[in-house]
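Each remark here refers to the structure printed beneath this line.
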Amino acid sequence: MAKSTSKSLVIVESPAKARTISKFLGSGYQVEASVGHVRDLPGGAKDIPEKYKKESWAYLGVDVDNDFEPVYIVPPDKKKQVTKLKEALKGADSLYLATDEDREGEAISWHLHELLKPKVPVHRLVFHEITKEAIQKAIESPRQIDNGLVRAQETRRILDRLYGYDVSQLLWRKVGPGLSAGRVQSVAVRLIVQRERERIAFHDATYWDLEAIFSTDNGDSLPATLSHVEGRKIPSGKDFDPDTGKLINAELLQMDEAAAGKLAERLKNESFKVTKVEVKPFVERPRAPFTTSTLQQEANRKLGFTARRCMQAAQKLYENGYITYMRTDSTTLSNEAVNAARNLVRSEYGEKFLHGTVREYKGKVKNAQEAHEAIRPAGTPFRVPAAVQNELDRDQFRLFELIWKRTIACQMADAQKQRISVTVEGGDCVFTASGTSILFEGFLRAYVEGSDDPEAELADKERLLPSVSENDPLKPQTIDPKSHTTQPPARYSEASLTRTLEEKGIGRPSTYASIIDTIQKRDYVYKKGNALVPSWTAFSVIRLMETHFEALVDYDFTAQMEDFLDTISREEAEALEYLKGFYFGDDESVTQPEGHKASIGLKKRLESKIEEIDPRVTAKFSLGTPTEGENREEVFVRVGKYGPFLEQGERKAPILDGMAPDEMNLQKAMELFESASREDEPLGIHPESGKPVYIKAGRFGPYIQLGEKDDDEKRNQSIPKAINAEDVNFEVACQLLTLPRNLGNNPENNEPIMAHDGRYGPYVKCEKETRSLPAGMSPLEVTFDEAINLLKQPKTRGRAAPKEPIKVFENKSPVTDQEIKILEGRFGPYATDGETNASVPRGTDAKDLTFEAALDLLAERAARAPSKKKKKATKKKATKKKAVKKKAAKKKAAKKATKKKGIIKKSS
Numbered sequence: 042m043a044k045s046t047s048k049s050l051v052i053v054e055s056p057a058k059a060r061t062i063s064k065f066l067g068s069g070y071q072v073e074a075s076v077g078h079v080r081d082l083p084g085g086a087k088d089i090p091e092k093y094k095k096e097s098w099a100y101l102g103v104d105v106d107n108d109f110e111p112v113y114i115v116p117p118d119k120k121k122q123v124t125k126l127k128e129a130l131k132g133a134d135s136l137y138l139a140t141d142e143d144r145e146g147e148a149i150s151w152h153l154h155e156l157l158k159p160k161v162p163v164h165r166l167v168f169h170e171i172t173k174e175a176i177q178k179a180i181e182s183p184r185q186i187d188n189g190l191v192r193a194q195e196t197r198r199i200l201d202r203l204y205g206y207d208v209s210q211l212l213w214r215k216v217g218p219g220l221s222a223g224r225v226q227s228v229a230v231r232l233i234v235q236r237e238r239e240r241i242a243f244h245d246a247t248y249w250d251l252e253a254i255f256s257t258d259n260g261d262s263l264p265a266t267l268s269h270v271e272g273r274k275i276p277s278g279k280d281f282d283p284d285t286g287k288l289i290n291a292e293l294l295q296m297d298e299a300a301a302g303k304l305a306e307r308l309k310n311e312s313f314k315v316t317k318v319e320v321k322p323f324v325e326r327p328r329a330p331f332t333t334s335t336l337q338q339e340a341n342r343k344l345g346f347t348a349r350r351c352m353q354a355a356q357k358l359y360e361n362g363y364i365t366y367m368r369t370d371s372t373t374l375s376n377e378a379v380n381a382a383r384n385l386v387r388s389e390y391g392e393k394f395l396h397g398t399v400r401e402y403k404g405k406v407k408n409a410q411e412a413h414e415a416i417r418p419a420g421t422p423f424r425v426p427a428a429v430q431n432e433l434d435r436d437q438f439r440l441f442e443l444i445w446k447r448t449i450a451c452q453m454a455d456a457q458k459q460r461i462s463v464t465v466e467g468g469d470c471v472f473t474a475s476g477t478s479i480l481f482e483g484f485l486r487a488y489v490e491g492s493d494d495p496e497a498e499l500a501d502k503e504r505l506l507p508s509v510s511e512n513d514p515l516k517p518q519t520i521d522p523k524s525h526t527t528q529p530p531a532r533y534s535e536a537s538l539t540r541t542l543e544e545k546g547i548g549r550p551s552t553y554a555s556i557i558d559t560i561q562k563r564d565y566v567y568k569k570g571n572a573l574v575p576s577w578t579a580f581s582v583i584r585l586m587e588t589h590f591e592a593l594v595d596y597d598f599t600a601q602m603e604d605f606l607d608t609i610s611r612e613e614a615e616a617l618e619y620l621k622g623f624y625f626g627d628d629e630s631v632t633q634p635e636g637h638k639a640s641i642g643l644k645k646r647l648e649s650k651i652e653e654i655d656p657r658v659t660a661k662f663s664l665g666t667p668t669e670g671e672n673r674e675e676v677f678v679r680v681g682k683y684g685p686f687l688e689q690g691e692r693k694a695p696i697l698d699g700m701a702p703d704e705m706n707l708q709k710a711m712e713l714f715e716s717a718s719r720e721d722e723p724l725g726i727h728p729e730s731g732k733p734v735y736i737k738a739g740r741f742g743p744y745i746q747l748g749e750k751d752d753d754e755k756r757n758q759s760i761p762k763a764i765n766a767e768d769v770n771f772e773v774a775c776q777l778l779t780l781p782r783n784l785g786n787n788p789e790n791n792e793p794i795m796a797h798d799g800r801y802g803p804y805v806k807c808e809k810e811t812r813s814l815p816a817g818m819s820p821l822e823v824t825f826d827e828a829i830n831l832l833k834q835p836k837t838r839g840r841a842a843p844k845e846p847i848k849v850f851e852n853k854s855p856v857t858d859q860e861i862k863i864l865e866g867r868f869g870p871y872a873t874d875g876e877t878n879a880s881v882p883r884g885t886d887a888k889d890l891t892f893e894a895a896l897d898l899l900a901e902r903a904a905r906a907p908s909k910k911k912k913k914a915t916k917k918k919a920t921k922k923k924a925v926k927k928k929a930a931k932k933k934a935a936k937k938a939t940k941k942k943g944i945i946k947k948s949s
């Protein structure tokens, strides 16, 4: 590398990446971080420059009347960093833009170039791993900014803004506040809702077969399952219609419990023999190295990571030089990586475990934004997991080990197996048994799908059968009836949703983590175990979208939008006509390359739908009409402003939080109405207040109400989880209304000790000290002495007395000039610089956190934080107290308004 009297400035996205790269560059380079995007569209009309505020399109931040020109601003929290980069550039003799090699990274480099306006030579550095060799190679062969990738990112951003802002506002008016729509998120929600619809429509079926254990002449046991009776096949789950629960083929034999039991009794005295033995060898080949999508799926299945947790750990591994770039659709490996993997197979497992030739994996790599390799350990030779374990936190190590194993396994020999099928006959019945044995482990020695422990999992991959031959006699040890019930389609997990989105070509795998986060934050989806369950709000939104904006949630159309962005990145198409057709529409569909039709006419359609859409229709779901009982009107689920509820004529009943849509049916609804009707009858009249006491069912569970609904002084008291609502009578209700109970004064401070029931369960409190009650202890029964003993114990939850910092770093924060500390918080340890708090990731030992790692956490948290506008409002309010201060504030505000240097409108 050439020496220079002044330094070259290198700009990357993150401080961690900057530190890693600076290790490989000499003193002639200064490496700084942009901390993500430095410019973006305004957050709304309030952030639009003053000269555009009166424009009809101002709220979008995109001039739809002037070829969809975007208005770019520097967000308030990035102005300080931009100033720092400008100062650094003043003393530089050249500028290297080293952001990530994808659309977003290319766009960041372009925005930096537009914003900094460098007068020195500018070079674009691209690399897919942060190693000394990769950085040196990039420095030696820089390129220019890829205009195609920049335009593709800009078009994607504009499309998302047009779709998201306008459709979201419609949802606010027609469904509820705080909702959002998005090009990928709405389709993801539709997939989850559609799966729940299938579960609701599903009719289960029960069928019986026989499980037998036969013994051979050698005393070995052979388990087998009934397959035929008198020539008729016993059905399996796939033989039943999921919509009716009936057999698809009536010729199959569906036994009930009685028939299965009778058959089992008859067969116990029958003679059996082996009539057929089939042995079929087969091979199992290793999977391709990881792409972004397959890494997220496998980390979810094997490590229990959410998509976001996986990508956060992968980002750290990449930035610190442990793995290659983690946003890629490619399954190929470089020659150096293949050789490194094959050498490790030889040294770690032996020559016989190495595949005879180099394995090549080909995936669908559609455009230049993707890295040219799969995700693998960085550098060559690869470091083994044991060598880096002490350098990584738990999440990072487990993910690195997963990537390492998958990469090594892809060059290993096939696993050689054999499948054995045995047919047993006797008494007009046929039983079958199947087993699998591993003849040679091959790649399974390094990597077993679905397990972190290959040695332990190998046994589970085999099902060994005893050695038998045709005509061998068998004796039944046991023959037992066994029932089976067909199961509805499984709900999506994060892994299966990611796989489905990728298979359909919807969105980018690198965005799936944020999409899954968003649909949960918007209350469209919640988790039940590992399953993604849609809310009734999601049902309402998707019905509205399917009815009135079908193309916007059409799977093929959404995939075509992604393909069109790819054509822009390859500079095969221009975006303007597509955007015009999408937003304004035209008489004939605008057709782009490969048949991409954009004529949605979103603006006109939204204007016409404002009056057409009736929220009473889109938010109303029929459960059916009762045929018995006093109430015969149709029953509906209604999605209201405060959540879903049941409606039958004038009757209403709440739906408890956490009740999945497929659990709600007509029978359940009538039970809830019956429960709600009992609420209208008081349990009794409270002896002290003279007011009626009711037991009510609310959205968050049952509670006691003292007083009528319209009583301004009515009081509600939740029923503790330890108490069954059905067991609450008038006496218990009155006791609950005594909460909080005064147990007596604490002898240490003479302050009252109170027993409460709160959001997080029952507890006792004295002044500011609180302690949760142990499981099984009721706030109605806890004694004074028990409360004293609890208060004397160290606090384990909530706000306790200030603790000593876990760690205090010697160096001060370069941002706040205050000490950086690691403190113990209510939800775990966190880093703070006096202004920003950042949680320490799970699996990371807070005591081992380095100063650099703490800086990274704080920088990332600060970048995500919203601008602090409440403080400004407070200051403005305070200035009203004195005329002099008010005048000074106005002067300051006027001065600030003239300094709009950070607000820039892009020119073509």
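Just so we're aligned, residue 42 is where the sequence shown starts under the numbering used here, counting upward by one. Just so you know, even glycine gets a beta-carbon here, dropped at the ideal spot from N, CA and C.
**Request:** Under 8 Å by Cβ, that's how I've got K458 and L443 pegged, so tell me the actual separation to the nearest angstrom.
**Result:** Residue 458 sits at position 417 when you count from the first residue of the sequence shown. Residue 443 sits at position 402 when you count from the first residue of the sequence shown. That belief does not hold up - the Cβ atoms of K458 and L443 are roughly 23 Å apart, past 8 Å.
**Asked** Run through DSSP, which three-state label would Q71 get?
**Response** By 1-based counting over the sequence shown, the position of residue 71 is 30. Of the three classes helix, strand and coil, the one that applies to Q71 here is strand, per DSSP.
**Request:** Could you work out which residue in H589, Y553, K127 is closest to K650 when comparing CA atoms only?
**Result:** Taking the first residue of the sequence shown as 1, we reach residue 650 at position 609. Of H589, Y553, K127, the residue nearest in Cα terms is H589.
**Request:** Please state whether DSSP places C807 in a helix, a strand or coil.
**Result:** Here residue 807 is taken as the residue at index 766 of the sequence shown, counted from 1. The answer is strand: DSSP assigns C807 an E or B state.
**Message:** Which of the three DSSP states is assigned to S640 in this structure?
**Reply:** Walking along the sequence shown from the start, residue 640 turns up at place 599. Of the three classes helix, strand and coil, the one that applies to S640 here is coil, per DSSP.
**Prompt:** What is the rounded straight-line gap between the Cα of E587 and the Cα of P530?
**Reply:** Here residue 587 corresponds to residue number 546 of the sequence shown, with the count starting at 1. Here residue 530 corresponds to residue number 489 of the sequence shown, with the count starting at 1. Straight-line Cα distance between these residues: approximately 22 Å.
**Message:** Whole angstroms are fine: how far does the CA of D434 sit from the CA of A148?
**Reply:** Mapped onto the sequence shown, residue 148 falls at position 107. Mapped onto the sequence shown, residue 434 falls at position 393. Taking the straight line from one Cα to the other gives about 31 Å.
**Item:** Cβ neighbours of I794 in the same chain (closer than 8 Å, five flanking residues each side left out)
**Value:** Locating residue 794 in the sequence shown gives position 753, counting from the first residue. Excluding positions up to five away in sequence, the list reads N783, L784, G785, N786, N787, V805, K806, C807, F825, A828, I829, L832.
**Message:** Quick check on the DSSP output: the alpha helix (DSSP H) that includes R224 runs from which residue to which?
**Reply:** As a working mapping, residue 224 is identified with position 183 in the sequence shown. Here R224 belongs to no alpha helix (DSSP H), and DSSP marks it neither H nor E.
**Request:** For A660, collect the residues of the same chain with a Cβ closer than 7 Å to its Cβ; drop the 5 residues on either side in sequence, then sort them by chain order.
**Result:** As a first step, residue 660 must be located in the sequence shown, where it is residue number 619. Same-chain partners within the cutoff: V216, S581, R679, V680.
**Euclidean distance between Cα positions of P56 and K357** = Stepping through the sequence shown from its first residue, residue 56 is reached at position 15. Stepping through the sequence shown from its first residue, residue 357 is reached at position 316. Roughly 11 Å between the two C-alpha positions.
**Message:** Can you check which of these residues, S49, E145, I861, N188, is closest to A900 by C-alpha distance?
**Reply:** Here the question's residue 900 lines up with position 859 in the sequence shown. Nearest C-alpha to A900: I861.
**Prompt:** In whole angstroms, what separates the C-alpha of G626 from that of I641?
**Reply:** Residue 626 sits at position 585 when you count from the first residue of the sequence shown. Residue 641 sits at position 600 when you count from the first residue of the sequence shown. For G626 and I641, the distance between alpha carbons rounds to 6 Å.
**Asked** Under the three-state reduction of DSSP, which class applies to G681: helix, strand or coil?
**Response** Position 640 of the sequence shown, counted from the start, is the residue given in the question as residue 681. Reduced to three states, the DSSP call for G681 is strand.
**Message:** Classify R307: buried if its beta carbon has 16 or more other beta carbons within 10 angstroms, exposed otherwise.
**Reply:** Translated into the one-based positions of the sequence shown, residue 307 becomes position 266. By the neighbour-count rule (16 or more Cβ atoms within 10 Å), R307 is not buried but exposed.
**Request:** Note the first and the last residue of the continuous beta strand (DSSP E) segment covering Q459.
**Result:** Against the sequence shown, residue 459 aligns to sequence position 418. Residues 456-467.
**Prompt:** For the 8 Å Cβ check, are there 3 or more pairs between the region 418-438 and the region 325-338?
**Reply:** no
**Prompt:** When the Cα atoms are used, what is the spatial distance from L515 to V471?
**Reply:** Taking the sequence shown and counting its residues from 1, one reaches residue 515 at position 474. Taking the sequence shown and counting its residues from 1, one reaches residue 471 at position 430. Between L515 and V471, the C-alpha separation is close to 13 Å.
**Prompt:** What are the start and end residues of each continuous alpha helix (DSSP H) run of 4 or more residues lying completely inside the region 346-395, in chain order?
**Reply:** 348-360, 376-389
**Prompt:** Any idea if E715 is buried or exposed, counting beta-carbon neighbours within 10 angstroms, 16 or more meaning buried?
**Reply:** The sequence position of residue 715 within the sequence shown is 674, counting from 1. Label assigned to E715: exposed.
**Prompt:** What do you reckon, are the CB atoms on D250 and K562 nearer than 8 Å?
**Reply:** Locating residue 250 in the sequence shown gives position 209, counting from the first residue. Locating residue 562 in the sequence shown gives position 521, counting from the first residue. Taking 8 Å as the Cβ cut-off, D250 and K562 do not qualify as a contacting pair.
**Cα-Cα separation, W151 to Y871** = For the purposes of this step, residue 151 is identified with residue 110 of the sequence shown, where counting begins at 1. For the purposes of this step, residue 871 is identified with residue 830 of the sequence shown, where counting begins at 1. Rounded to the nearest angstrom, the two C-alpha atoms are 35 Å apart.
**DSSP three-state assignment for D207, whether helix, strand or coil** = Residue mapping note: residue 207 aligns to position 166 of the sequence shown, counting from 1. Reduced to three states, the DSSP call for D207 is helix.
**Prompt:** Residues in its own chain within less than 6 Å of L50 by CB, not counting five upstream and five downstream?
**Reply:** Along the sequence shown, one-based indexing puts residue 50 at 9. Once the five neighbours on either side are set aside, the close Cβ partners of L50 are Q71, A129, L130, A133, L136.
**Request:** Tell me whether S227 is buried or exposed, calling it buried when 16 or more other Cβ atoms sit within 10 Å of its Cβ.
**Result:** As a working mapping, residue 227 is identified with position 186 in the sequence shown. Result: buried.
**Message:** Less than 8 Å between the beta carbons of K314 and E466, yes or no?
**Reply:** For the purposes of this step, residue 314 is identified with residue 273 of the sequence shown, where counting begins at 1. For the purposes of this step, residue 466 is identified with residue 425 of the sequence shown, where counting begins at 1. In this structure, E466 lies closer than 8 Å to K314 by Cβ.
**Item:** D874 classed as buried or exposed, judged by whether at least 16 other C-beta atoms fall within 10 angstroms
**Value:** Indexing the sequence shown from 1 puts residue 874 at position 833. D874 comes out buried.
**Message:** Can you tell me whether E377 is buried or exposed? The criterion is at least 16 other CB atoms within 10 Å of its CB, across all chains shown.
**Reply:** On the sequence shown, residue 377 is found 336 positions in, with the first residue counted as 1. Result: exposed.
**Asked** Three or more beta-carbon pairs under 8 Å between the region 377-386 and the region 445-455, yes or no?
**Response** yes
**Item:** Supposed close pair S759, D698 - CB separation, criterion 8 Å
**Value:** Mapped onto the sequence shown, residue 759 falls at position 718. Mapped onto the sequence shown, residue 698 falls at position 657. No, S759 and D698 are not in contact; Cβ-Cβ is about 13 Å, not under 8 Å.
**Request:** Assuming Y488 and P327 form a contact by the criterion Cβ under 8 Å, report the distance between their Cβ atoms to the nearest whole angstrom.
**Result:** Along the sequence shown, read from residue 1 onward, the residue named residue 488 stands at position 447. Along the sequence shown, read from residue 1 onward, the residue named residue 327 stands at position 286. About 7 Å; that satisfies the 8 Å criterion.
**Prompt:** Hey, is the region 726-740 in contact with the region 766-781, meaning 3+ C-beta pairs nearer than 8 Å?
**Reply:** yes
**Prompt:** Got a sec, what are the start and stop residues for the beta strand (DSSP E) C775 sits in?
**Reply:** For the purposes of this step, residue 775 is taken as the residue at position 734 of the sequence shown. Counting along the chain, C775 falls outside any beta strand (DSSP E), though it belongs to the alpha helix (DSSP H) covering 771-777.
**Prompt:** Is V230 closer than 8 Å to P575 when the C-beta atoms are compared?
**Reply:** Locating residue 575 in the sequence shown gives position 534, where the first residue counts as 1. Locating residue 230 in the sequence shown gives position 189, where the first residue counts as 1. Yes, they are a contact pair.
**Request:** Specify, as a first and last residue, the run of the beta strand (DSSP E) that L136 falls within.
**Result:** Residue numbering aside, residue 136 sits at position 95 when the sequence shown is read from its first letter. Run containing L136: 133-138, per the beta strand (DSSP E) assignment.
**Prompt:** Just curious, the alpha helix (DSSP H) that E612 is in, first and last residue?
**Reply:** The residue labelled residue 612 in the question sits at position 571 within the sequence shown. No alpha helix (DSSP H) holds E612; DSSP gives it neither H nor E.
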